[in-house]
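Residue -14 is where the sequence shown starts when you use our numbering, and the numbers rise one by one after that.
Quick reminder that beta carbons are idealized off the backbone N, C-alpha and C, glycines included.
Beneath this line is the structure, given in structure tokens, with notes to follow.
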Amino acid sequence: MLKIPHITLVGSRVPFLVFACLCSCVCNAVAVENQLLRTIQNFDNVYEKSVSSSGSHSNVWPSRYRKSDNIVDDEWSYTRSEHQKAILKTARLVPKQLYEDEETQFYRHAFLFDQKRSAKKGVYLHPDVPLQEYATSQEVRRAVLDLFAPDDSPLLFQFDLFLFAMGRGIVNNIDVLDAIDKSAVWNGEECISITGRGSFSLGGPGRWKVHVLPNAAYMVRHAQYLYDDNVVFEVETFGLNRKNDCFFPEKSEVKIPGFLNINHKFVFSDVRLEFDSELFDLVERDIDGELPDGSLKINNSPEKIVAQVIGGAEPHEPYVIEPKNRFWRIVTIVIINIIGIALLIYLYYRERRKKLELL
């Protein structure tokens, strides 16, 4: 008589073949889910390797230090490849939302990234420059140029921000898959929900919760990134366009909660799967262009930060911030705060002890 081996699970005996089948089913399900994740990430890779887009954007900075919220409206063009990225924004600050004694400011911002450097240049124009001309006007009031090493740049999030707002590039940040639900729903739309552990440039290791549209080349409809169970980044897309073989939203909203509490709103007019070399060259010429007198040039490096005012009647010595000095300054501030807190605790308990002695 054939003896079938058994295995004990939680007090009950299960035939070994049944147990092996269960394990095989679980492994197959996990493999299918991981394959689906890789498929969605492959769509992200297509957009990360070569994409260009344009549209309008506004962001609201809360009125923590102002009499009212500061609203910025701009028109932007964006392009990226694997090793080159560029953004050109032409914008105006809405006058009623600034301090009452401030005037409208027009400016253009250029962002550049390649294998040699990353840079940001803000050019601020005279307020009487016509709005339709301020993108190309050379009548600048001042400029601020920030230079960074390519592997040590806080600007990388700027390039990711435009991609995330497009509903792309987010799933690529998931390193370990926790669960996939192919029958999920978000605001009445059929979606695939993905949860997993990963990383994000604005926080340490955390968790992603993402909803993608399977009928729109897995475009993200909603995503949250949680660090220590706190939402530090959230994006939601609205509407759906198909143009140049691309699925992209009509508009999207990006929220960065916390101290800054910034709310970005994007409207997309065009998306295409190609690198815009003309835009990149234009931004590069802008970055390398001559700085007007009174402008500020800041070289940021891991060793030191050097800030220099350009031109003017009197020569200006560069202002250098050494990391060592900054470190000891922070240490000193921390020590002073610890001593102050300890002194307050000591005085509190001394007064409390005196009151108890009187009783």
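(request) Could you name the residues of the same chain whose beta carbon sits closer than 6 Å to that of residue 147, not counting the 5 residues immediately before and after it, in chain order? (result) Taking the sequence shown and counting its residues from 1, one reaches residue 147 at position 162. Within the same chain, residue 147 has close Cβ partners 63.
(request) Please confirm whether any heavy atom of the ligand HEM lies closer than 6 Å to the CB of residue 139. (result) This structure lacks the ligand HEM, and indeed carries no ligand of any kind.
(request) Specify the secondary structure class of residue 298 as computed by DSSP and reduced to three states. (result) Position 313 of the sequence shown holds residue 298. Note that residue 298 has pLDDT 43, beneath the 50 cutoff, so the model's placement of it is unreliable and the number below is only indicative. In the three-state reduction of the DSSP assignment, residue 298 falls in the coil class, being assigned neither a helical nor a strand state.
(request) Could you check if residue 84 is buried or exposed, using at least 16 other CB atoms within 10 Å of its CB as the buried criterion? (result) Looking up residue 84 in the sequence shown gives position 99. A caution first: residue 84 carries a pLDDT of 40, below 50, which makes its placement in the model too unreliable to give a value.
(request) Take residue 242 and list the residues in its own chain whose beta-carbon comes closer than 6 Å to its own, dropping the five residues that flank it on each side. (result) Taking the sequence shown and counting its residues from 1, one reaches residue 242 at position 257. The answer, listed in chain order, is 216.
(request) Given a cut-off of 7 Å, decide if residue 176 and residue 206 are closer than it, judged by their beta-carbon atoms. (result) To locate residue 206, count along the sequence shown from 1; it is residue 221. To locate residue 176, count along the sequence shown from 1; it is residue 191. Result yes, Cβ atoms of residue 206 and residue 176 sit closer than 7 Å.
(message) Tell me which residues share the same chain as residue 398 and place their Cβ nearer than 6 Å to its Cβ, disregarding the 5 neighbours each side in the sequence.
(response) In this structure the chain extends from -14 to 344, so residue 398 is not present and cannot be described.
(message) Measuring CB atoms only, is the stretch 127 to 136 touching the stretch 277 to 291, in the sense that at least three cross pairs come out at less than 8 Å?
(response) yes
(request) Specify the secondary structure class of residue 172 as computed by DSSP and reduced to three states. (result) The residue labelled residue 172 in the question sits at position 187 within the sequence shown. When secondary structure is reduced to three states using DSSP, residue 172 falls in the coil class, being assigned neither helix nor strand.
(request) Provide the residue span of the alpha helix (DSSP H) that contains residue 149, from first to last. (result) Residue mapping note: residue 149 aligns to position 164 of the sequence shown, counting from 1. Element bounds for residue 149: 141 to 150.
(message) With a threshold of 6 Å on Cβ separation, who are the neighbours of residue -4 within its own chain once the five nearest residues in sequence on each side are excluded?
(response) Numbered from 1 along the sequence shown, position 11 holds the residue referred to as residue -4. With a pLDDT of only 49 at residue -4, under the threshold of 50, the placement of this residue in the model should not be trusted; the figure read from the coordinates follows. Counting only Cβ-Cβ distances below 6 Å, and skipping sequence neighbours, we find nothing.
(request) Starting from the C-beta of residue 60, find all residues in its chain whose C-beta is less than 6 Å away, skip the five residues before and the five after it, and write them out in chain order. (result) Taking the sequence shown and counting its residues from 1, the one referred to as residue 60 is at position 75. Result list for residue 60: 41 and 75, in chain order.
(message) Here's a check: name, in chain order, each residue in its chain whose Cβ is nearer than 6 Å to the Cβ of residue 149, leaving out the five neighbours to either side.
(response) For the purposes of this step, residue 149 is identified with residue 164 of the sequence shown, where counting begins at 1. Sequence-distant Cβ neighbours of residue 149 in its own chain, meaning closer than 6 Å and more than five residues away, are 155 and 220.
(message) Give me the residue from 167, 294, 140 and 182 with the minimum Cα distance to residue 157.
(response) Working through the sequence shown from its first residue, we reach residue 157 at position 172. The option with the nearest alpha carbon to residue 157 is 182.
(message) Please return the same chain residues whose Cβ sits closer than 7 Å to the Cβ of residue 198, not counting the five positions on each side in sequence.
(response) Working through the sequence shown from its first residue, we reach residue 198 at position 213. Same-chain partners within the cutoff: 174, 176, 204 and 206.
(request) Hey, could you find the ends of the alpha helix (DSSP H) residue 153 is sitting in? (result) Numbered from its first residue, the sequence shown carries residue 153 at position 168. Taken as a continuous stretch (DSSP letters only), residue 153 belongs to no alpha helix (DSSP H), as it is neither H nor E.
(message) On the DSSP bridge list, what partners appear for residue 73?
(response) Along the sequence shown, one-based indexing puts residue 73 at 88. Answer by DSSP bridge pairing, in chain order: 62 and 95.
(message) Using CA atoms only, rank isn't needed, just tell me which of 260, 267, 73 and 273 is closest to residue 34.
(response) As a position in the sequence shown, residue 34 is number 49, starting the count at 1. The shortest C-alpha separation from residue 34 is found at 260.
(request) Tell me, to the nearest whole angstrom, how far the beta carbon of residue 258 is from that of residue 31; I am working on the premise that it is less than 8 Å. (result) For the purposes of this step, residue 258 is taken as the residue at position 273 of the sequence shown. For the purposes of this step, residue 31 is taken as the residue at position 46 of the sequence shown. At roughly 7 Å, the Cβ-Cβ gap stays under 8 Å, so residue 258 and residue 31 are in contact.
(request) Let me know if residue 403 comes out buried or exposed under the rule of 16 or more other beta-carbons within 10 Å of its beta-carbon. (result) Outside the shown range of the chain (-14 to 344) lies residue 403, about which nothing can therefore be said.
(message) For residue 191 and residue 162, I'd like the C-alpha separation in whole angstroms.
(response) Taking the sequence shown and counting its residues from 1, one reaches residue 191 at position 206. Taking the sequence shown and counting its residues from 1, one reaches residue 162 at position 177. So the two alpha carbons sit approximately 12 Å from each other.
(request) Report back the beta-carbon spacing between residue 225 and residue 238 to the nearest angstrom; my notes put them in contact at under 8 Å. (result) Taking the first residue of the sequence shown as position 1, residue 225 is located at position 240. Taking the first residue of the sequence shown as position 1, residue 238 is located at position 253. At roughly 15 Å, the Cβ-Cβ gap does not stay under 8 Å, so residue 225 and residue 238 are not in contact.
(request) Specify the secondary structure class of residue 132 as computed by DSSP and reduced to three states. (result) Against the sequence shown, residue 132 aligns to sequence position 147. Looking at residue 132 - three-state DSSP - the assignment turns out to be strand.
(request) Report buried or exposed for residue 68, applying the criterion of at least 16 other Cβ atoms within 10 angstroms of its Cβ. (result) Start at 1 with the first residue of the sequence shown, and residue 68 comes out as number 83. When all chains shown are included, residue 68 counts as exposed.
(request) Go ahead and pull the three-state DSSP assignment for residue 265. (result) Along the sequence shown, one-based indexing puts residue 265 at 280. In this structure, residue 265 counts as helix in the three-state DSSP scheme.
(message) Quick check on the DSSP output: the beta strand (DSSP E) that includes residue 255 runs from which residue to which?
(response) Locating residue 255 in the sequence shown gives position 270, where the first residue counts as 1. It spans 247 to 257 - the beta strand (DSSP E) in which residue 255 sits, taken as one unbroken run.
(request) Compute the Euclidean distance between the alpha carbons of residue 43 and residue 21, then round it to the nearest angstrom. (result) Here residue 43 is taken as the residue at index 58 of the sequence shown, counted from 1. Here residue 21 is taken as the residue at index 36 of the sequence shown, counted from 1. Put simply, the backbone Cα of residue 43 is about 35 Å away from that of residue 21.
(request) Starting from the Cα of residue 66, find the closest Cα among 168, 268 and 37 and give me that residue. (result) Residue numbering aside, residue 66 sits at position 81 when the sequence shown is read from its first letter. Comparing Cα positions, the closest option is 37.
(request) Less than 8 Å between the CB atoms is what I'm expecting for residue 136 and residue 186, so what's the real figure, rounded? (result) Numbered from 1 along the sequence shown, position 151 holds the residue referred to as residue 136. Numbered from 1 along the sequence shown, position 201 holds the residue referred to as residue 186. 13 Å between Cβ atoms; not a contact.
(request) Assign residue 179 to one of two classes, buried (16 or more other C-beta atoms within 10 Å of its C-beta) or exposed (fewer than that). (result) Along the sequence shown, one-based indexing puts residue 179 at 194. With 16 or more other Cβ atoms within 10 Å, it is buried.
(request) Report the option in 218, 250 and 273 whose CA atom is closest to the CA atom of residue 103. (result) Numbered from 1 along the sequence shown, position 118 holds the residue referred to as residue 103. Of the listed residues, the one whose Cα sits closest to residue 103 is 273.
(message) Between the alpha carbons of residue 289 and residue 139, how many angstroms are there, rounded?
(response) Walking along the sequence shown from the start, residue 289 turns up at place 304. Walking along the sequence shown from the start, residue 139 turns up at place 154. Distance between the alpha carbons of residue 289 and residue 139 is about 15 Å.
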